[in-house]
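The block underneath contains the structure these notes are about, expressed in C-alpha cells.
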Amino acid sequence: MTIKQKIETNEDYREQIGRHIRLAGEYLLKCSDNVPQQVNEAVKMILACRGHVALTGIGKSGLIARKLAATLASTGTPSFYLHPAEAGHGDLGMVTGRDILLVLSESGESDEIITIIPAVRDLEVPVLLITFSADSRLAGLADTVILMPPVGSGTNNVGPAPTVSSVAMMALGDAIALACAVTRHFGFREFARFHPCGALGRRLLFKVRDLMKTGEAVPLVSISEKVSNALFIMSEKGQGAVFVLSGGVPQGKLVGILTDGDVRRLAVRYRDIWDLTVEDVMTRNPLSIIDTSLAINALQQMEQRKVTILPVLNEVGELTGSIHMHQLLEAGIKS
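Sequential numbering of the sequence shown, starting at 4, is according to my numbering.
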C-alpha cells in the first residue's frame with residue numbers, strides 16, 4: 004500500500020487510539036518511578052550555567068529539543084536550539100565556553116551530532132545527553148548521561164515512527180526545566196514578564212497608566228457648570244461620564260462624577276434638568292483608582308461596583324486620567 008493511496012473506512016478508531024494513549028501513560032508512570040540519579044547533576048549544571056543552554060537533536064529528537072529550548076527560555080533559563088547540521092557549517096559560533104550543550108538522541112548514534120562534539124569539547128562546553136542507549140557513541144562522549152527506561156515491545160512504535168519514547172523524552176525535559184524554575188523561585192510574575200502577549204502577561208504586567216486616557220481626552224467639568232453643558236462634554240468625550248472638579252478645569256480637585264445613567268434617571272424625576280448645576284446631581288466621592296495599579300484591578304473594581312469608567316489618580320491624589328472598561332477589554336484584560 005502506498006502512502007498516497009486513498010482509503011475509505013467506517014472503522015471506529017477510538018479503542019485503538021485510547022490504547023495508544025494508555026500505553027504512553029503507563030510508560031510515563033514507569034519513568035516517574037525510575038528517575039535516574041543523573042537528573043540531579045543535570046539540574047545543578049543548568050542552574051550553575053552562566054551562559055545559555057544550547058539544545059540539539061535531529062529528526063523527532065530535534066523537534067523535541069526545539070520545544071524544550073522554548074520551555075527553558077520561558078521559565079527563566081536562557082536557551083536556544085542548535086541544529087546539528089547547521090552547527091557543523093558555522094552555527095557552532097553561537098556556542099561559547101559559558102554554555103552547556105544538552106543533546107537529545109533516542110539511539111545515541113546520530114552522526115550529525117557526533118561530528119560536532121569534538122568542536123564543542125574544544126570550547127570546554129559540558130555535554131549532557133538524554134538517550135535510550137547506554138552503549139551508544141554519544142553516551143561515551145557526554146559528561147552526563149540521563150538514560151531513559153527501556154520501552155517495552157509493542158509500546159513505542161507504530162511501524163518505524165517513535166511515539167511513546169518521544170512523549171517521555173519531552174516529559175523528562177519539561178520536568179527538568181520546571182525543577183530549575185522552582186529552584187529559582189520563578190513564579191507567575193516572572194512568567195508573565197516573558198509572556199507579555201499572553202493572557203497571564205496582560206493580567207500581571209499592564210498597569211492602569213499604560214492604558215488610561217490623559218489630557219484633552221479626559222471628560223472634565225467644573226462643579227458650577229449646568230447639566231446641559233456637562234451632557235455636551237460627556238457626548239464629546241464619548242466615555243459615558245464626566246468627572247466633576249472644584250476650583251476649575253483642569254487644575255481642580257476631583258469631587259464627583261456624573262454619568263449618562265445619572266442623567267437618564269434625572270430626566271425621569273425632573274421635568275427640566277438642564278438648568279440644574281452639576282453640583283446638584285453629581286455622585287460625590289466617586290470610586291477611583293491609582294495610576295500604578297494593575298489594569299486587572301481596575302476591571303475587577305468596575306465589575307464589582309457595576310461601573311464602566313474610573314477616574315485615575317496619582318499617589319498624591321491628583322487626577323491624572325480616566326480608564327474605561329472598553330479600553331481594558333480591547334487590551335485583552337480579562338478577569
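Positions of the beta carbon are idealized from the N, C-alpha and C atoms, including for glycine.
Suppose you measure from the CA of A122 to the CA of S108; what does that come to, to the nearest Å? 18 Å
Would M215 and G79 be called neighbours here (beta carbons separated by less than 8 Å)? Taking 8 Å as the cut-off, the beta carbon of M215 is found no closer than this to the beta carbon of G79.
Tell me whether the beta-carbon of G201 lies closer than 8 Å to the beta-carbon of T311. No. Outside cutoff.
Beta bridge counterpart(s) of S338 as assigned by DSSP: Partner(s): none; S338 has no beta bridge.
Which residues does DSSP pair with T286 in a beta bridge? I260
Just to check my reading of the structure: P314 and L302 have Cβ atoms closer than 8 Å, yes? What is that Cβ distance to the nearest angstrom? That belief does not hold up - the Cβ atoms of P314 and L302 are roughly 15 Å apart, past 8 Å.
What would DSSP say about P121, mapped onto helix, strand or coil? helix
Output the distance between the C-alpha atoms of G21 and T12, rounded to the nearest integer angstrom. 19 Å
Environment of A184 [buried if 16+ CB atoms lie within 10 Å]: Burial state of A184 is buried, judged by a 10 Å Cβ sphere holding 16 or more other Cβ atoms.
Measure the C-alpha to C-alpha separation of P153 and G190 and round it to an integer number of angstroms. 34 Å
Given L71, which residues of its chain have a CB within under 6 Å of its CB, disregarding the five upstream and five downstream residues? The residues L58 and G176, in chain order, have a CB closer than 6 Å to that of L71 in the same chain once the five nearest residues on each side in sequence are set aside.
In three-state DSSP terms, what is A184? helix
Using the beta-carbon count (16 or more within 10 Å), is F246 buried or exposed? buried
Which same chain residues, not among the five before or five after R206, have their C-beta less than 6 Å away from its C-beta? I299
Does the distance from the CB of D294 to the CB of R192 come in under 8 Å? A distance of 8 Å or more separates the beta carbons of D294 and R192.
Which residue comes first and which comes last in the alpha helix (DSSP H) that contains F235? V230 to K240
For M151, tell me which candidate among I133, D265 and D125 has the shortest Cα-Cα distance. Among I133, D265 and D125, the Cα nearest to that of M151 is on I133.
Whole angstroms are fine: how far does the CA of I336 sit from the CA of I117? Roughly 48 Å between the two C-alpha positions.
Give me whichever residues DSSP pairs with G324 in a beta bridge. V315
I believe I179 touches V38 by the beta-carbon criterion, under 8 Å. Please report the beta-carbon distance rounded to the nearest angstrom. Incorrect: roughly 10 Å between the Cβ atoms, too far for contact.
Which whole-angstrom value describes the C-beta separation of V230 and V319, a residue pair presumed to lie in contact below a C-beta threshold of 8 Å? So it is not a contact: roughly 30 Å between Cβ atoms.
Counting only the same chain and skipping the five closest in sequence on each side, list residues whose C-beta sits under 7 Å from that of E44. Contacts found: T147.
Alpha carbon of G259 to alpha carbon of T286, nearest angstrom: 5 Å
Output the distance between the C-alpha atoms of V170 and Q330, rounded to the nearest integer angstrom. Here the alpha carbon of V170 sits roughly 42 Å from the alpha carbon of Q330.
Quick check on L58: does DSSP put it in helix, strand or coil? strand
Going by DSSP, what residues sit across from S225 in a beta bridge? Per DSSP, L248.
Find out if the Cβ-Cβ distance for the pair D102, G62 is shorter than 8 Å. no
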